[in-house]
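Each remark here refers to the structure printed beneath this line.
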Amino acid sequence: MEPVDPYDFFRFRDNLTEDERQVQDTVARFVDDRVLPTIAEYFERDEFPRELIQEIAELGLLGCNLEGYGCGGLNHVCYGLTCMELERGDSGIRSFVSVQGSLCMWPIHTYGTEDQKQRWLPGMAKGELIGCFGLTEPDGGSDPGTMKTFAKKDGDDWVINGAKMWITNGCLADVAIVWAETDDGVRGFLVEKGMSGYSTREIKRKFSLRASVTSELFFENVRVPDANRLPEAKGLAGPLGCLTQARFGICWGVIGPAIACFREALEYSKVRVLFGSPLSHKQAIQLRLAEMSRQITMAQLLALQLGRMKDDKVMHHTQVSMAKWNNCRMAIDLCREARDLLGASGITVEFSPIRHMLNLESVITYEGTETIHQLAVARELTGAAAF
Amino acid sequence: MRILTVVKQVPDSNATIKVKGDGSGIETAGLKTVCDPFDEFGVELAVQTREKRSDVDEVVVICLGDDSASGVLRTALAMGADRAIHVNDPKFESMNELFDAWVLAEAIKKDEKGFDLIVCGKHNIDLDSGAVGPALAEFLNVPHVGAVQGLEIADDGSSLTARRRIEGAEEVVECSMPALLTIEKGLVEPRYPSLPNLMKAKKKPVEVLTSADISDADASTAGTDLVSISPPPPRPECKMIEGEPEEMARELVKLLREEAKVV
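Heads up: the protein sequence lines correspond to chains A and B, in order.
Numbers given in my numbering equal positions in the first sequence, counted from 1, plus 326.
Numbers given in my numbering equal positions in the second sequence, counted from 1, plus 11.
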């Protein structure tokens, strides 16, 4: 028997098609060559590596699982694999791609008019136009039903007032998908950079997602033509549908940092000699390494089954909730564990666990906190919403 | 103009290589493989040449390897080659680069239109003999320039000027075409195949040639015989010297004199 691959303990790769393996290998190579050599410096400098946008677009990663309009037309498992490899680089890079593809291109593709699709999607796939997604507000994330941003109908236009917060890509964006309450319930609008009364401000001094742009959006009597409304999005189901897409990517994405940290912890434990033998020869360390391997294996198999269900069009959003909860919890615990196992080295920028661990504080929070996903699963089980 | 680029599947440079128990080769089960990075330079050069010039009719990629090498061909097709030739037969499995070159030459000769430019990597990172390019040029009876780092092709496509670095100088070589070049690092930077192009590459034609297509495939050409492969000896244990700088220096000199016997 050939030995088991420590990073693919249950031969998860055997269940991928040749296409899927090639997609993963291509993105993995890009991450090894172009992201990993510099990402820690960007994180340290609190800066998003903007020059990667073009390269990511040329690889075909933006909206890769959408059909037509210059998008890749890949299946959802391929999209998941790209998220996993990108996030192995940094959660900030994966977040950029998630927001562009799942939170901006997907709603235009799904809820938009033909004109809106023609106008935005090809440029967004090429990375020439950047999008951001405005749902969360300063006074609440988990309860979007109470949003204060309001769009009032005025003749053929809408006038938007309000503010959004914690918006990835906000200051970079040419177009913001803005969700606002109206007299008819929640609606989605394409607010364009330069529209009078629309402004953004970057949120600095973060300890997490430092290699990513996080912003506030402000709307002061922003006049938006009705042609910029997403006609097929009605009620909260509109933004929640987008979040299901992006969370799907997160379920896969977080396996990336988990593998990166596990790899560093395993390699370090083999060379770090303490009390006369390598750490890896000690029972206390072995138990922890075995546990890491078990956790990654379960997350891989869960993500793959989720992807197969999505490709078969039978995936339920509660299943995404369970996977986001499980895989984010797995990843953050594992990265903290790896940080600890590396001892003092684990606090330096030379090793990745502390960077991934800090990033995952955001990832476990955004797009539904762990508690919200637990309650979503429980609502499915009991029929009672207890948020 | 027609350009042929030769690629080979090799173990990933990060992979751990295990030698077979009998020393006849390396274990391939579970071994991660990639397209040889020097051959990728060749593919990139071919694709860039087509992008720059209006007279390139076709970029063809050829690979000698088993079924698993189809991934390497697909990468080259996704980078921009138009079609592929896969020379695949258990009879062609060898660790002899001269034999490989001979099989490739026979396969190339079957193409009636012929090629004006053939590009290979400077060497392959697996066997590292660098013999395939020059030997292939010899079998095809075309001129060869090795380890090219700069290239200009005449507007009429009849000749080329290649630059190569030699010890302390740069050599400029003019050469008539058809010709064979082997490519050194630094001439071009290979592109990443985009994901949509990877999918489109599946639809590009791949011609498979076996020993039935190549005459006298059993003929053994003069060349090398691989006698055996063995892993490098394990690194001897590192001895750490501790103490005050003066003591450490004294101990080091003593060990160099008495144990290592180098001073």
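Glycine included, every Cβ here is placed at the ideal spot set by N, Cα and C.
Quick caveat: nothing in here was measured; it's all calculated off a predicted structure.
Under 9 Å between C-beta atoms of residue i and residue j
| i | j | result |
| --- | --- | --- |
| PHE476/A | THR508/A | yes |
| LEU128/B | THR60/B | yes |
| PHE52/B | ALA112/B | no |
| ALA158/B | LYS120/B | no |
| GLY496/A | THR472/A | no |
| ILE503/A | LEU429/A | yes |
| ALA712/A | PHE588/A | no |
| SER522/A | ARG549/A | yes |
| VAL512/A | GLY564/A | yes |
| LEU237/B | ASN107/B | yes |
| GLY406/A | MET210/B | no |
| ALA148/B | HIS155/B | yes |
| ILE576/A | CYS458/A | no |
| LEU388/A | GLY453/A | yes |
| TRP492/A | THR540/A | yes |
| MET656/A | VAL580/A | yes |
| LEU206/B | GLY386/A | yes |
| LEU392/A | LEU447/A | yes |
| ALA275/B | HIS97/B | What the structure shows of chain B is the stretch from 12 to 274, and residue 275/B is not part of that stretch, so it cannot be assessed. |
| PRO551/A | ASP441/A | no |
| ASP93/B | LYS215/B | yes |
| ALA584/A | GLN631/A | no |
Opposing strand residues paired with residue i [DSSP bridges]
| i | result |
| --- | --- |
| GLU181/B | ARG176/B |
| LEU192/B | VAL130/B and VAL156/B |
| LEU600/A | SER603/A |
| GLU218/B | ILE96/B |
| ALA477/A | ILE486/A |
| SER170/B | SER187/B |
| VAL517/A | ALA502/A |
| ARG13/B | GLU69/B |
| LEU75/B | VAL98/B |
| TYR524/A | PHE545/A |
| ARG555/A | PHE515/A |
| GLU463/A | GLY466/A |
| THR235/B | Its beta-bridge partners do not exist; DSSP assigns none. |
| THR494/A | THR540/A |
| VAL30/B | ILE37/B |
Status (buried if at least 16 other CB within 10 Å, exposed otherwise) for residue i
| i | result |
| --- | --- |
| ALA610/A | exposed |
| CYS654/A | buried |
| ARG246/B | exposed |
| GLU463/A | buried |
| ALA260/B | exposed |
| THR27/B | exposed |
| HIS642/A | exposed |
| LYS530/A | exposed |
| ASN152/B | exposed |
| GLN348/A | buried |
| ASN25/B | exposed |
| THR697/A | exposed |
For residue i, the first and last residue of its enclosing beta strand (DSSP E)
| i | result |
| --- | --- |
| GLN20/B | 20–22 |
| PHE544/A | 540–551 |
| ASP345/A | Run containing ASP345/A: none in the beta strand (DSSP E); it sits in the alpha helix (DSSP H), 344–356. |
| VAL45/B | 44–46 |
| THR439/A | Per DSSP, THR439/A belongs to no beta strand (DSSP E) and is neither H nor E. |
| ILE164/B | 161–164 |
Whole-angstrom C-beta distance between residue j and residue i, which should lie under 8 Å
| i | j | result |
| --- | --- | --- |
| SER606/A | GLN612/A | 7 Å |
| ALA591/A | LEU516/A | No, ALA591/A and LEU516/A are not in contact; Cβ-Cβ is about 45 Å, not under 8 Å. |
| ARG573/A | LYS650/A | 5 Å |
| ALA223/B | ARG85/B | In fact, because the Cβ distance is near 24 Å, the residues do not count as touching under 8 Å. |
| GLY144/B | LEU191/B | 6 Å |
| GLY514/A | TYR395/A | The pair is not a contact, with the Cβ atoms about 18 Å apart (cut-off 8 Å). |
| ALA499/A | LYS519/A | 7 Å |
| VAL83/B | VAL18/B | 6 Å |
For residue i, the first and last residue of its enclosing alpha helix (DSSP H)
| i | result |
| --- | --- |
| THR570/A | 563–579 |
| ALA318/A | Nothing can be reported for residue 318/A: it is not among the residues displayed for chain A, which extend from 327 to 713. |
| THR279/A | Not covered by the structure: residue 279/A. The range shown for chain A is 327 to 713. |
| ILE611/A | 609–637 |
| PHE459/A | First-last for PHE459/A: 457–460, but that is the beta strand (DSSP E), not the alpha helix (DSSP H). |
| ILE365/A | 365–371 |
| VAL414/A | It should be noted that the sequence gives Arg, not Val, for residue 414/A. Where ARG414/A is concerned, the enclosing alpha helix (DSSP H) stretches over 402–415. |
| MET90/B | 81–90 |
| PHE150/B | 143–151 |
| LYS211/B | 206–212 |
| CYS661/A | 643–667 |
heavy atom of the ligand SAM below 8 Å from residue i C-beta
| i | result |
| --- | --- |
| LYS121/B | The ligand SAM is not part of this structure, which contains no ligands at all. |
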